[in-house]
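Worksheet for the structure shown next.
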Amino acid sequence: QGVRQGNLIKVSDALPPEEACLVEPLSCVINGQSYLHISPGDSVVVIGAGPIGCMHVSMAKVQGATKVILADISAPRLKLAERALPDVIVNSAEEDLVERVMKETRGKGANVVVVACSVPSAQEQALQMVAIQGRISLFGGLPKDKAVINFNSNIVHYKEVGVFGAFASYSYQYMQALALLESGRIQAKSFVTHEFPLERILDGYETALRGEALKVVIKP
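This is the structure we're talking about:
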């Protein structure tokens with residue numbers, strides 16, 4: 277019954293388990309970008325260089341984005357994120373992200389901004405760097421005690437900006453994610469930076485908590 281309802285999907289033997297496990301997060305990225313209508317010629321900003329942010333970079337590239345800018349405040353995390361092949365990397369702890377985005381887009385702003393982190397100020401910044409008729413994805417949920425932000429609705433009104441939330445995914449998006457991984461259009465192995473045997477599972481958790489990894493895989 278689970279198979280008939282699409283709750284279980286068959287994975288090709290050619291796709292290793294350590295890569296197949298990324299189907300779920302990639303399907304969430306696909307769901308988030310389904311509202312954004314990224315197309316050739318678009319400039320895309322991704323704020324947050326974790327594994328989800330890196331998948332957003334790769335997915336934007338697949339959809340034809342001309343320039344993808346990835347930003348984070350962590351230099352080590354940005355170094356790891358180079359494997360996602362963004363066109364521009366910005367350490368927003370060292371330079372003003374809004375100014376850099378406006379420079380990279382010749383003053384127009386980004387067509388798409390994806391906030392792939394749980395930081396209120398990043399959501400506020402998204403409004404400042406989005407282009408006329410641009411689209412914003414608030415992909416990262418905020419802590420409950422910090423869920424209210426300063427939101428300039430005049431920017432949304434006068435620039436005709438679309439602001440979208442995104443949470444989880446649908447079964448057909450799992451299939452889309454699986455097809456992208458199996459075809460190699462999305463290189464899953466580039467997001468798996470560390471592997472640990474089951475007896476070292478605590479080392480895996482600690483590595484992830486220290487921010488030293490993108491995705492950590494535990495192998496039995």
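To convert, note that position 97 of the sequence shown is 373 in the numbering used here; the numbers rise steadily by one, no gaps.
In this text, a Cβ means the ideal position worked out from N, Cα and C, and glycines have one as well.
Open item on the list: Can you tell me whether P362 is buried or exposed? The criterion is at least 16 other CB atoms within 10 Å of its CB, across all chains shown.
Closed with: Residue numbering aside, residue 362 sits at position 86 when the sequence shown is read from its first letter. Classification of P362: buried, given that the 10 Å Cβ count is 16 or more.
- [ ] Determine the DSSP secondary structure at R359, reduced to helix, strand or coil.
- [x] As a first step, residue 359 is located in the sequence shown; it is residue number 83 there, counting from the start. The answer is helix: DSSP assigns R359 an H, G or I state.
- [ ] Counting only runs of 3+ residues fully inside the region 362-386, write out the beta strand (DSSP E) ranges in chain order.
- [x] 364-367
Task: Inter-residue CB distance, L490 and C330 (contact presumed, cutoff 8 Å) - done: For the purposes of this step, residue 490 is taken as residue 214 along the sequence shown, with counting starting at 1. For the purposes of this step, residue 330 is taken as residue 54 along the sequence shown, with counting starting at 1. Contact between L490 and C330 holds, since their C-beta atoms are separated by about 6 Å, short of 8 Å.
- [ ] Round the Cβ separation of L302 and A453 to the nearest angstrom and send it over; I've been treating them as touching at under 8 Å.
- [x] Indexing the sequence shown from 1 puts residue 302 at position 26. Indexing the sequence shown from 1 puts residue 453 at position 177. Between A453 and L302 the Cβ distance is about 4 Å, and since that is below 8 Å, they are a contact.
- [ ] Report yes if the CB atom of V322 is closer than 7 Å to the CB atom of A392, and no otherwise.
- [x] If you number the sequence shown from 1, residue 322 lands on position 46. If you number the sequence shown from 1, residue 392 lands on position 116. In this structure, A392 lies closer than 7 Å to V322 by Cβ.
- [ ] Over the uninterrupted beta strand (DSSP E) stretch that includes A453, give me the two end residues.
- [x] By 1-based counting over the sequence shown, the position of residue 453 is 177. Premise fails: A453 lies in the alpha helix (DSSP H), S447 to S459, not in any beta strand (DSSP E).
Open item on the list: With H, G and I counted as helix, E and B as strand and the rest as coil, what does DSSP make of Q409?
Closed with: Residue mapping note: residue 409 aligns to position 133 of the sequence shown, counting from 1. Three-state result, Q409: strand.
- [ ] Give me whichever residues DSSP pairs with H512 in a beta bridge.
- [x] In the structure as shown, the chain begins at 277 and stops at 496. Residue 512 is therefore absent and cannot be evaluated.
Open item on the list: What would DSSP say about S319, mapped onto helix, strand or coil?
Closed with: On the sequence shown, residue 319 is found 43 positions in, with the first residue counted as 1. Correct three-state label for S319: strand.
Task: Rounded C-alpha distance that separates A341 from V432 - done: Within the sequence shown, the letter at position 65 stands for residue 341. Within the sequence shown, the letter at position 156 stands for residue 432. Their backbone Cα atoms lie some 22 Å apart in a straight line.
Open item on the list: Tell me the rounded alpha-carbon separation between Q401 and G326.
Closed with: Counted from its first residue, the sequence shown places residue 401 at position 125. Counted from its first residue, the sequence shown places residue 326 at position 50. Rounded to whole angstroms, Q401 to G326 spans 18 Å at the Cα level.
Task: Given 8 Å, three or more beta-carbon pairs between the region 402-414 and the region 374-391 - done: yes
- [ ] Output the distance between the C-alpha atoms of Q339 and N426, rounded to the nearest integer angstrom.
- [x] As a first step, residue 339 is located in the sequence shown; it is residue number 63 there, counting from the start. As a first step, residue 426 is located in the sequence shown; it is residue number 150 there, counting from the start. If you take the alpha carbons of Q339 and N426, they lie about 31 Å apart.
Task: Cβ neighbours of K422 in the same chain (closer than 8 Å, five flanking residues each side left out) - done: In the sequence shown, the residue the question calls residue 422 occupies position 146. Cβ within range, chain order: P396.
Open item on the list: Please tell me whether Q449 and I349 are closer than 7 Å, where the distance is taken between their beta carbons.
Closed with: What you label residue 449 is simply residue 173 of the sequence shown in a count that begins at 1. What you label residue 349 is simply residue 73 of the sequence shown in a count that begins at 1. No, Cβ-Cβ distance for Q449 and I349 is not below 7 Å.
Task: Proximity below 7 Å, CB of V468 to CB of G480 - done: Within the sequence shown, the letter at position 192 stands for residue 468. Within the sequence shown, the letter at position 204 stands for residue 480. Taking 7 Å as the Cβ cut-off, V468 and G480 do not qualify as a contacting pair.
- [ ] Label Q277 either buried or exposed according to how many other C-beta atoms from any shown protein chain fall within 10 Å of its C-beta, with 16 as the threshold for buried.
- [x] The residue labelled residue 277 in the question sits at position 1 within the sequence shown. Q277 counts as exposed, since fewer than 16 other beta carbons sit within 10 angstroms of its beta carbon.
TODO: Just confirm the distance between the C-beta atoms of N387 and V320, as a whole number of angstroms; I'd bet it's less than 8 Å.
DONE: Counting from one through the sequence shown, the residue named residue 387 turns up at place 111. Counting from one through the sequence shown, the residue named residue 320 turns up at place 44. Between V320 and N387 the Cβ distance is about 7 Å, and since that is below 8 Å, they are a contact.
- [ ] Could you tell me the distance, in whole angstroms, from the CA atom of L418 to the CA atom of F440?
- [x] Position 142 of the sequence shown holds residue 418. Position 164 of the sequence shown holds residue 440. Taking the straight line joining both Cα atoms gives about 14 Å.
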